[in-house]
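Shown next, in structure tokens, is the structure this report addresses.
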Amino acid sequence: MERLREIEATIESAIEPDWIRHGTPAFRRTNLALFAAGFATFGLLYCVQPLMPEFTRDYHVNAATSALSLSLTTGVLAVMMLFAGAVSDAVGRKSVMVVSLLVSAVLVLISAWMPSWTALLLVRTLLGVTLSGLPAVAMTYLSEEMHPESIGLGMGLYISGSAVGGMGGRLITGVLSDFFGWHIGVSVVGVIGLVCGLIFWRALPATRHFVPQPLRARALLDSFARMFRDPGLPWLFLEGFLLLGAFVTVYNYLGYRLLAPPFNLSQAVVGLIFGIYLIGTFSSAWMGSLAGRLGRRKVLWTAFALMLSGIGLTLLSSLWLIMLGIVAITFGFFGGHSIVSSWVGRRAGNAKAQASSMYLFSYYMGSSIAGASGGLFYAAGGWPSVAAFVGALVLAGLLIAWKLYGLPPLVNVATPPTPMTKGAMP
């Protein structure tokens, strides 16, 4: 039966050679390429998160300054993603993505051996510029080149690669740094990124439906301005800011608490805790499906309520209860992100690409601003102050979710969720 389906797909691809369809060699090559790209992109971005206590020790900086190694990258990434798609409209999809991935991997390799904190931050800032080219363009490539019947599976594999990469980058550096030092851990992630970049370059089929378009800055700004006249979209953008801001802040400073008394965990064990991240691959699908059945406005507030309860558990002295709290925060975050991102796509109408870009801008700015600000709270009062700060962010998100409960529903809208926002992983 499987062989028969492959033969049918091959015949169909011969009739319609321009589309990438399920069961064809081009489909398998595309999925391999996009899985590798997703894995590399988010591994390169988040590999420094478990290393912040190491940076504090080696470079003699405080927790807030150490968090700049991630916050500067995500802040620049947020801004550049507003424009990366427009650049790819002018110069081509694949070329932008290939350069983005290969240059980013080289920058991570260089960052592993920077002699000073300032030099490390400079390289991580440049990384935000170069990384923006892949997540901002990958979904556009799929929507242009893949047959509508096959795009769902292709999108899912890209998202899976992003999720595994986000976890893998953290795990690799967290564990290897305990045995060989963080320089080796980051170098390994850079080498993996470079290999993934080469696989992506060779495997991804060339674009066939791309039509170059000149950059039109005024038209782009006008489309962004129109979105802020919608009664729901600005609040949804803010929800993205609060969700990732709270989530990243927890993981940024969790290591400081668990490495210190009374827990005194090793860096390797703290790195393994990032395996909890895998829960998100289930919760995003489950809560997204639940919201589809019951309505987003009826389910969104539960994600924030779950995160709030998890934050409360992290204040307790039992390591097991703290881990349960991290599970609750992670589950709620991924579920909330899935609901909000799909809601943005539904309300955006024909401006899906611009709405996706603005949502991702807000999303990553939350990581940058809240992630760095959390260090000030840690310096002022340790973990309880961080928990209070994160709790305030989540509470604000809960209040907005209740406000959105009364948002007038759209009528006669039958558009599916935008894929770009659903593909964004922390």
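Everything in the sequence shown is counted per the working numbering, starting at 553 for the first residue and increasing by one.
Built from N, CA and C at the ideal position, the CB exists for glycine as well.
Pull up the distance between the alpha-carbon of residue i and that of residue j, whole angstroms please.
i                 : j                 : result
leucine 624       : threonine 593     : 16 angstroms
methionine 633    : leucine 830       : 26 angstroms
phenylalanine 886 : glycine 832       : 5 angstroms
leucine 928       : asparagine 816    : 23 angstroms
phenylalanine 732 : glycine 797       : 31 angstroms
alanine 857       : arginine 778      : 32 angstroms
glutamate 564     : tyrosine 957      : Its pLDDT being 46, under 50, glutamate 564 is placed unreliably in this model, and the value from its coordinates should be taken loosely. Approximately 45 angstroms, taken between the alpha carbons.
tryptophan 895    : leucine 810       : 36 angstroms
tryptophan 734    : leucine 945       : 31 angstroms
isoleucine 736    : tyrosine 805      : 22 angstroms
glycine 726       : aspartate 610     : 15 angstroms
methionine 719    : cysteine 599      : 9 angstroms
glycine 923       : alanine 619       : 7 angstroms
glutamate 688     : valine 648        : Looking at the sequence itself, residue 688 is alanine, so the reference to glutamate does not match. Cα to Cα, the separation comes out at about 10 angstroms.
glutamate 554     : valine 639        : Below a pLDDT of 50, predicted positions are generally treated as unreliable, and glutamate 554, at 49, falls in that range; no measurement from the model is reported.
tyrosine 808      : phenylalanine 579 : 44 angstroms
valine 822        : leucine 912       : 28 angstroms
phenylalanine 497 : valine 651        : Coverage of the chain is limited to positions 553 through 978, which leaves residue 497 absent and any answer about it impossible.
leucine 586       : arginine 898      : 25 angstroms
alanine 837       : glycine 888       : 11 angstroms
threonine 801     : alanine 932       : 15 angstroms
alanine 939       : serine 668        : 31 angstroms
leucine 959       : arginine 849      : 8 angstroms
valine 613        : methionine 839    : 40 angstroms
leucine 622       : serine 739        : 17 angstroms
alanine 948       : alanine 755       : 44 angstroms
leucine 867       : tyrosine 930      : 13 angstroms
alanine 540       : tryptophan 665    : The structure shown does not extend to residue 540, since the chain is modelled only from 553 to 978, so the question has no answer here.
cysteine 748      : proline 961       : 43 angstroms
asparagine 964    : tyrosine 915      : Unreliable positioning characterises asparagine 964 in this predicted model, as indicated by a pLDDT of 48, which lies under 50. A coordinate reading is not provided.
leucine 846       : serine 835        : 16 angstroms
leucine 653       : leucine 673       : 19 angstroms
alanine 616       : glycine 943       : 18 angstroms
threonine 582     : alanine 690       : 11 angstroms
glycine 884       : valine 743        : 33 angstroms
histidine 699     : glycine 745       : 28 angstroms
leucine 773       : phenylalanine 780 : 11 angstroms
arginine 770      : serine 656        : 30 angstroms
What residue does the alpha helix (DSSP H) around residue i start on, and which one ends it?
i             : result
leucine 795   : 785 to 811
threonine 617 : 615 to 618
histidine 735 : 734 to 755
serine 836    : 831 to 846
tyrosine 598  : 577 to 598
aspartate 610 : 604 to 611
glycine 823   : 819 to 824
Grab me the residues of residue i's own chain with a C-beta within less than 7 angstroms of its C-beta, minus the 5 sequence neighbours each way, in chain order.
i                 : result
leucine 865       : Leu873, Ile874, Leu876, Gly877, Ala880
leucine 659       : Val675, Leu678, Leu679, Thr682
methionine 917    : Gly627, Ala630, Phe793
alanine 561       : Summary for alanine 561: the model assigns pLDDT 49, below 50, so the residue's position carries little reliability, and this model does not support an answer.
glycine 717       : Gly590, Phe591, Ala592, Thr593, Phe594, Gly595
leucine 950       : Trp853, Phe856, Ala857, Leu860
valine 741        : Gly595, Leu596, Cys599, Val660, Gly721, Ile724, Thr725
serine 729        : Leu603, Glu606, Gly737, Gln819
alanine 812       : none
tryptophan 787    : Ile952, Lys955, Leu956
phenylalanine 789 : Met910, Tyr911, Ser914
aspartate 782     : Arg899
If you drop the 5 nearest sequence neighbours on each side, which residues of the same chain put their C-beta closer than 6 angstroms to that of residue i?
i              : result
proline 968    : Any reading at proline 968 must be qualified, since the residue scores a pLDDT of 43, below 50, and its modelled position is unreliable; no value is offered.
alanine 900    : Ala907
tyrosine 693   : Arg645
isoleucine 662 : Val675
tryptophan 753 : Val650
isoleucine 751 : Ala588
glycine 784    : Arg899, Leu959
serine 920     : Ser623, Thr626, Gly627
alanine 843    : Val851, Ile891
tryptophan 935 : Arg809
serine 841     : none
leucine 584    : Ala755
Since residue i sits in a beta bridge, which residues does DSSP pair it with?
i              : result
isoleucine 572 : Met698
Please find out if some non-hydrogen atom of the ligand SAM comes closer than 7 angstroms to the beta-carbon of residue i.
i                 : result
phenylalanine 793 : With respect to small molecules bound, the structure shown includes none, and the ligand SAM cannot be examined in it.
Tell me which residues share the same chain as residue i and place their Cβ nearer than 8 angstroms to its Cβ, disregarding the 5 neighbours each side in the sequence.
i            : result
arginine 994 : As displayed, the chain neither begins before 553 nor continues past 978, which places residue 994 out of reach and without an answer.
serine 869   : Pro814
Starting from the N-terminal side, write out each stretch of the beta strand (DSSP E) that is 3 residues or longer and does not extend beyond the stretch 877 to 955.
none
At which residue ranges does the stretch 627 to 697 contain complete alpha helix (DSSP H) runs of 4 or more residues, listed in the order of the chain?
645 to 663, 669 to 683, 687 to 697
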